[in-house]
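All remarks here apply to the structure that follows.
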Amino acid sequence: MAKRVLKGKRIAALVADGFEKVELTIPMKALKLAGAKVDIVSLREGSIRGVNLHEPASRVDVTKTIAQANSGEYDALLVPGGFINPDLLRQSEEAREFVRAFDREKKPIASLCHGPWVLASAGLLKGRTLTSWPGLRDDLVNAGATWLD
Numbered sequence: 000m001a002k003r004v005l006k007g008k009r010i011a012a013l014v015a016d017g018f019e020k021v022e023l024t025i026p027m028k029a030l031k032l033a034g035a036k037v038d039i040v041s042l043r044e045g046s047i048r049g050v051n052l053h054e055p056a057s058r059v060d061v062t063k064t065i066a067q068a069n070s071g072e073y074d075a076l077l078v079p080g081g082f083i084n085p086d087l088l089r090q091s092e093e094a095r096e097f098v099r100a101f102d103r104e105k106k107p108i109a110s111l112c113h114g115p116w117v118l119a120s121a122g123l124l125k126g127r128t129l130t131s132w133p134g135l136r137d138d139l140v141n142a143g144a145t146w147l148d
């Protein structure tokens with residue numbers, strides 16, 4: 000039986016349409032198995048569609064919109080990738096501010112694949128070391144990060 004090391008912890012998964020399905024569902028499953036409660040926070044209410052590479056995938060229900068969510072209610076932030084999802088999120092001032100709030104509160108932020116685009120657009124990468132999908136290397140370096148493959 001898995002240890003419930005995250006029992007009582009709340010995680011916000013910041014997600015929009017076009018998220019890479021496995022980059023949300025697998026981390027969510029692991030977080031839940033560890034005892035965390037995970038909320039899907041998105042740009043709009045309803046359900047959002049994932050992708051599996053370039054093909055449409057299943058939908059997930061949104062728990063709260065960014066306008067309804069408060070970073071203070073959460074212990075950590077997850078930003079999955081896919082190339083559509085983070086591109087939509089980084090264009091939203093509300094999403095960028097939501098991410099900045101986690102940084103100000105010194106809470107963990109995990110991002111996968113193209114997810115660091117959101118962190119770059121939120122102005123959070125200067126002096127940080129991270130990895131990403133290789134195609135983001137120049138964007139992240141230009142935002143002040145040290146990029147590792």
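Position 7, counted from 1, in the sequence shown is what numbering that gives the first Met the number 0 calls 6; the numbers after and before it change by one each time, with no gaps.
Even glycine gets a Cβ: it sits at the ideal position worked out from N, Cα and C.
Checklist entry - How should residue 55 be labelled, buried or exposed, when 16 other C-beta atoms within 10 angstroms of its C-beta is the threshold for buried? => result Indexing the sequence shown from 1 puts residue 55 at position 56. Classification for residue 55: exposed.
Next on the checklist: Does residue 20 come out as helix, strand or coil in the three-state DSSP assignment?
Outcome noted: Taking the sequence shown and counting its residues from 1, the one referred to as residue 20 is at position 21. Reduced to three states, the DSSP call for residue 20 is helix.
Checklist entry - In the structure shown, what three-state DSSP assignment does residue 12 receive? => result Working through the sequence shown from its first residue, we reach residue 12 at position 13. Residue state, collapsed to three classes: strand.
Next on the checklist: For residue 78, tell me which candidate among 122, 148, 4 and 10 has the shortest Cα-Cα distance.
Outcome noted: Numbered from 1 along the sequence shown, position 79 holds the residue referred to as residue 78. Per the Cα distances, 10.
Item to check | Spatial distance of residue 69 from residue 89 (CA atoms) | outcome: For this step, residue 69 is matched to residue 70 along the sequence shown. For this step, residue 89 is matched to residue 90 along the sequence shown. Their backbone Cα atoms lie some 18 Å apart in a straight line.
Next on the checklist: Could you tell me which whole alpha helix (DSSP H) segments of length 4 or greater appear in the stretch 7 to 93?
Outcome noted: Within the stretch 7 to 93, the complete alpha helix (DSSP H) runs of at least 4 residues are 20 to 32 and 83 to 89.
Item to check | Which residues DSSP lists as bridging residue 142, in chain order | outcome: For the purposes of this step, residue 142 is taken as residue 143 along the sequence shown, with counting starting at 1. Paired residue(s): none; residue 142 is not in a bridge.
Next on the checklist: Please list the terminal residues of the continuous beta strand (DSSP E) segment that includes residue 119.
Outcome noted: Residue numbering aside, residue 119 sits at position 120 when the sequence shown is read from its first letter. Here residue 119 belongs to no beta strand (DSSP E); instead the alpha helix (DSSP H) covers 115 to 120.
Item to check | Through-space distance from residue 53 to residue 106, alpha-carbon basis | outcome: Taking the sequence shown and counting its residues from 1, one reaches residue 106 at position 107. Taking the sequence shown and counting its residues from 1, one reaches residue 53 at position 54. Computed Cα separation, rounded: 32 Å.
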